[in-house]
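With our numbering applied, the sequence shown corresponds to residues 16 to 381, in that order.
Idealized CB from N, CA, C, for every residue including glycine.
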Amino acid sequence: MKRKIFISTTNDITTDNRVNKVAVLLQDLGYEVKWIGRELATSKELNRSYGTDRMKLWFTKGGLFYAEFQVRLFLKLLFECNRNTVLLANDLDTLLPNFLISRFFGIPLVYDSHEYFCGVPEIQGRWVKRVWLGIERFVFPRLQHIWTVNESIANLYEQDYGKRPQVFRNISPVPNIQSRSRAELGLPEGVKIAINQGSGMNVDRGLEEAVEAVSQMEGWLLLLVGSGDAIPALQTLVQQRGWEDKVKFVGRVPYEQLLQYTSAADVGLSLDKDTNINYRYSLPNKLFDYIHCNTPVVTSKVVEVKRIVEEFGVGRTVQPEDIEGLRLAIEAVGAEDYSAALKVAQEALTWEKEQIPLKAFYGQFL
Numbered sequence: 016m017k018r019k020i021f022i023s024t025t026n027d028i029t030t031d032n033r034v035n036k037v038a039v040l041l042q043d044l045g046y047e048v049k050w051i052g053r054e055l056a057t058s059k060e061l062n063r064s065y066g067t068d069r070m071k072l073w074f075t076k077g078g079l080f081y082a083e084f085q086v087r088l089f090l091k092l093l094f095e096c097n098r099n100t101v102l103l104a105n106d107l108d109t110l111l112p113n114f115l116i117s118r119f120f121g122i123p124l125v126y127d128s129h130e131y132f133c134g135v136p137e138i139q140g141r142w143v144k145r146v147w148l149g150i151e152r153f154v155f156p157r158l159q160h161i162w163t164v165n166e167s168i169a170n171l172y173e174q175d176y177g178k179r180p181q182v183f184r185n186i187s188p189v190p191n192i193q194s195r196s197r198a199e200l201g202l203p204e205g206v207k208i209a210i211n212q213g214s215g216m217n218v219d220r221g222l223e224e225a226v227e228a229v230s231q232m233e234g235w236l237l238l239l240v241g242s243g244d245a246i247p248a249l250q251t252l253v254q255q256r257g258w259e260d261k262v263k264f265v266g267r268v269p270y271e272q273l274l275q276y277t278s279a280a281d282v283g284l285s286l287d288k289d290t291n292i293n294y295r296y297s298l299p300n301k302l303f304d305y306i307h308c309n310t311p312v313v314t315s316k317v318v319e320v321k322r323i324v325e326e327f328g329v330g331r332t333v334q335p336e337d338i339e340g341l342r343l344a345i346e347a348v349g350a351e352d353y354s355a356a357l358k359v360a361q362e363a364l365t366w367e368k369e370q371i372p373l374k375a376f377y378g379q380f381l
């Protein structure tokens with residue numbers, strides 16, 4: 016009988032590329048995989064080789080959503096787990112139910128922290144931070160198997176709890192992209208395109224500055240592909256300023272289609288500001304998507320991103336608040352040939368290499 020592993024996230028599964036890569040790896044190792052998330056009104060149909068289960072919840076945001084999710088996830092795991100199960104909790108907002116079930120059945124629990132959760136700007140100065148921090152302080156010291164996305168965040172957790180997570184970076188697999196023309200993607204010909212993409216298009220990620228910069232650039236279009244808290248206000252701003260021909264919004268799309276947009280762009284943007292500890296040490300997966308799609312980058316100077324950009328010479332770093340500097344950097348990168356540097360980075364930064372320690376780690380539970 017195959018050993019079953021339950022993966023938990025609070026998202027709707029559709030666009031979570033990091034967890035999808037892990038799910039496929041686990042299936043290839045021989046696990047029976049089931050990924051539990053939630054279903055939204057906008058959720059797209061899934062076609063995965065492994066099992067998925069999206070819970071329909073009464074609440075979709077705020078404290079009531081998180082409370083309902085914790086209870087529903089706990090009950091689902093309680094009735095579906097047994098002593099032949101492994102649990103994989105992704106981020107702090109799924110950790111408590113998984114921890115309680117792991118203790119109840121005496122089964123392995125793996126915690127994959129995609130960010131320094133209690134450092135995210137959305138919860139600073141709010142009562143909810145005390146709740147999440149309390150859960151983290153209770154559970155984290157009791158964990159045996161912890162992963163995170165980069166060495167900087169591993170350092171933070173080690174300082175906080177005396178336990179150092181193992182690291183695997185969210186590096187993209189070498190993509191097999193079905194090429195599509197700009198016309199097929201609904202994009203204009205005859206202009207250069209700067210793209211910013213992802214499911215976390217939130218405050219302090221340089222989106223407002225990108226809109227301001229590209230709106231002043233003749234012959235350029237800003238393409239925003241994804242979703243997040245900052246998007247509605249940006250859409251209003253673009254409409255009020257009459258910049259519809261300078262900024263194009265595309266909602267969340269499947270990962271394969273996202274890479275088609277990425278490949279059609281001339282410059283990739285990653286402009287997280289150093290306004291909080293989580294962003295300071297972030298290493299967004301879109302950086303690796305840009306590299307593997309042959310798209311040079313303009314990024315902020317946050318620690319891990321700057322390290323990659325400067326080590327491989329795949330673009331330029333700027334202060335996002337300097338709109339004129341951002342504009343000049345985008346134009347400069349769009350005019351230079353980075354193909355040789357991108358090729359070197361592509362060969363060094365591969366999911367095929369990054370997954371080797373993961374295979375050995377998860378193999379111990381089979």
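Closest by C-alpha distance to V7, when choosing among V262, V34 and W147 | The shown model of the chain, from 16 to 381, leaves out residue 7, and the question about it has no answer.
Closest by C-alpha distance to K358, when choosing among E325, V101, H307 and K261 = H307
If you run the structure through DSSP and keep just helix, strand and coil, what is G149?
-> helix
Give the single residue among Q275, G66 and V313 whose Cα lies nearest to the Cα of S196.
-> Q275
Reducing DSSP to helix, strand and coil, say where E54 ends up.
-> strand
Enclosing alpha helix (DSSP H) for F303 [first to last residue] | N300 to H307
Among all the DSSP beta bridges, which residues are the ones paired with L238?
-> I210 and K263
Relative to the C-alpha of G378, which residue among D337, I28, T30 and G45 is closest?
-> G45
According to the Cβ coordinates, are V329 and Y353 closer than 8 Å?
-> yes
Which ranges would you report for the beta strand (DSSP E) in the segment 311-341 if only whole runs of at least 3 residues count?
-> 312-314 and 330-332
With C-beta atoms as the reference, is S315 less than 8 Å away from S285?
-> yes
Among G234, D244, Q174 and V229, the one whose alpha carbon lies nearest that of K256 = Before going on, a small fix: residue 256 reads as Arg here, not Lys. Out of G234, D244, Q174 and V229, V229 has the C-alpha closest to the C-alpha of R256.
Note down, in chain order, each residue of its chain lying with its Cβ closer than 7 Å to the Cβ of A169, except the 5 sequence neighbours on either side.
-> T163, R179, P180 and V182
Using alpha carbons as the reference points, say which of P136, W50 and V101 lies closest to G121.
-> V101
Between which two residues does the alpha helix (DSSP H) harbouring I371 extend?
-> I371 to G378
Could you check if A104 is buried or exposed, using at least 16 other CB atoms within 10 Å of its CB as the buried criterion?
-> buried
Can you list, in chain order, the residues of its chain whose CB lies under 6 Å from that of T290, leaving out five sequence neighbours each side?
-> D219
Taking the Cβ atom as the reference point for each residue, do V312 and V282 lie within a distance shorter than 8 Å?
-> yes
If you check the beta carbons only, do G213 and P299 fall under 8 Å apart?
-> yes
What first and last residue would you give for the alpha helix (DSSP H) that runs through I292?
-> I292 to R295
Does DSSP put F183 in a helix, in a strand, or in coil?
-> coil
Starting from the Cα of E227, find the closest Cα among D244, Q254, G205 and Y305 and give me that residue.
-> Q254
Only counting runs of 4 or more residues, tell me where the alpha helix (DSSP H) segments fall wholly within the segment 18-69, in order along the chain.
-> 32-44
How would you label N99, buried or exposed, when you count the other beta carbons within 10 angstroms and need 16 or more for buried?
-> exposed
Kindly indicate which residue of K17, K263 and K368 has the alpha-carbon position closest to the one of L41.
-> K17
Assign E319 to buried or exposed, taking buried as 16 or more other Cβ atoms, counted over all protein chains shown, within 10 Å of its Cβ.
-> buried
Cβ neighbour criterion (16 or more within 10 Å) applied to W142 | exposed
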